[in-house]
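Comments concern the structure below.
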Amino acid sequence: MKNNSISILGCGWLGLPLGKHLNSHQYSVKGSTRTEEKYSLLKQSGILPYSIDISKKETDFTDFLETETLICAFPSKDIEGHKHFISFIERSVVKQVLFISATSVYDPHPSPITESNPTNLSDLALIEQLYLQNPTFNTTLLRFGGLIGPKRNPGNFFKKGRSVKAAKSPINLIHLDDCIHIIHQIILQKCWNTILNACTDSHPSKYEFYGKMTLLTQQRTLHFDNESESPIKIISNKKLKNTLHYSFIHSHLMQLTLANF
0 MKNNSISILG
10 CGWLGLPLGK
20 HLNSHQYSVK
30 GSTRTEEKYS
40 LLKQSGILPY
50 SIDISKKETD
60 FTDFLETETL
70 ICAFPSKDIE
80 GHKHFISFIE
90 RSVVKQVLFI
100 SATSVYDPHP
110 SPITESNPTN
120 LSDLALIEQL
130 YLQNPTFNTT
140 LLRFGGLIGP
150 KRNPGNFFKK
160 GRSVKAAKSP
170 INLIHLDDCI
180 HIIHQIILQK
190 CWNTILNACT
200 DSHPSKYEFY
210 GKMTLLTQQR
220 TLHFDNESES
230 PIKIISNKKL
240 KNTLHYSFIH
250 SHLMQLTLAN
260 F
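Below, the structure written as structure tokens:
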């Protein structure tokens, strides 16, 4: 086992480009997938591929977990599957786990939401605790806002004819470029045993941002339901920026163009 070894559980929209990035920075990367098509793609990308499904109890994770750092970028809400997977981590050489979560674990709140805010009773929040409270490895929770970037152009989020509710609500998003660089900095700076919120500095309303991006992408206007309630939820990224000394690549959402997607 190499000291710079990293295993990524879930090489999808985030995990695959993350694996490529880490591989280009001299990390030895293992990556998991559930499809044969993606298996070949991982191999071509310099990532050692594994066919893994945490929902299948017969899966042996031993070789995949021969690594110091594990990144869980797998969006499964299968609580029992995660418990089974964690039982293997406990018996492995894994020292630290970076669990990719989401700001959906927070309910709306009138004040900016920090990492000290209580979480809701969602399955994701419960799964977070399975990792965070386990004493056999160090866990950092990274809670991303809504993900945007290549193949996730926000100008395509709303189908034609659909009315967008809560038009005045602020949004909490983060671009793939920042996701990857933040994860890399957590690894480089050995930022373990903590919780970090990650979203851009700006929080325009749905009306402002999605209206602009839909017009740029599809040359059409969106229909907004201005009468529906617009709950307030603004995620603070101050702890992340202070802890990692990080400056966002895409800090202002209203400055994004089609070239960013």
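When you line the sequence shown up against numbering that gives the first Met the number 0, it's residues 0 to 260, in that order.
Just so you know, even glycine gets a beta-carbon here, dropped at the ideal spot from N, CA and C.
Which residues DSSP lists as bridging residue i, in chain order
{"i": "histidine 222", "result": "Ser162"}
{"i": "proline 169", "result": "Ser204"}
{"i": "leucine 146", "result": "Ile173"}
{"i": "histidine 100", "result": "Per the sequence shown, residue 100 should be read as serine rather than histidine. Beta-bridge pairing links serine 100 to Arg142."}
Boundaries of the beta strand (DSSP E) in which residue i is found, first to last residue
{"i": "histidine 174", "result": "172-174"}
{"i": "leucine 140", "result": "137-143"}
{"i": "threonine 32", "result": "27-32"}
{"i": "leucine 195", "result": "193-197"}
{"i": "leucine 21", "result": "No beta strand (DSSP E) holds leucine 21; the alpha helix (DSSP H) holding it covers 14-23."}
{"i": "isoleucine 7", "result": "4-8"}
Whole-Å CB distance - residue i paired with residue j, under 8 Å assumed
{"i": "threonine 193", "j": "arginine 142", "result": "Not quite, the Cβ-Cβ distance comes to about 11 Å (not below 8 Å), so this is no contact."}
{"i": "leucine 74", "j": "leucine 175", "result": "Sequence inspection shows proline at residue 74; the leucine mentioned does not correspond to that position. Not really, about 15 Å apart at Cβ, beyond 8 Å."}
{"i": "threonine 118", "j": "leucine 195", "result": "That pair is no contact at about 14 Å."}
Host alpha helix (DSSP H) of residue i (start-end)
{"i": "leucine 215", "result": "205-217"}
{"i": "serine 235", "result": "Per DSSP, serine 235 belongs to no alpha helix (DSSP H) and is neither H nor E."}
Residue i CB to nearest heavy atom of the ligand MN below 7 Å
{"i": "serine 75", "result": "This structure lacks the ligand MN, and indeed carries no ligand of any kind."}
Just to confirm the assignment: which complete beta strand (DSSP E) runs, minimum length 3, are found wholly within the stretch 44-98? 47-50, 68-71
Minimum length 4: unbroken alpha helix (DSSP H) runs contained in the stretch 106-133: 122-131
Specify whether the stretch 128-148 and the stretch 85-103 touch according to this definition: at least 3 beta carbon pairs, one from each stretch, less than 8 Å apart. yes
If contact is defined by three or more beta carbon pairs under 8 Å, each pair taking one atom from either stretch, is the stretch 212-222 in contact with the stretch 141-156? yes
Can at least three beta-carbon pairs, one atom from the stretch 66-85 and one from the stretch 40-49, be found at a separation below 8 Å? no
Is there contact here, the stretch 162-180 with the stretch 121-133, by at least three beta-carbon pairs under 8 Å? no
Taking 8 Å as the cut-off, does the stretch 22-30 touch the stretch 160-169 (at least 3 CB pairs, one atom from each stretch)? no
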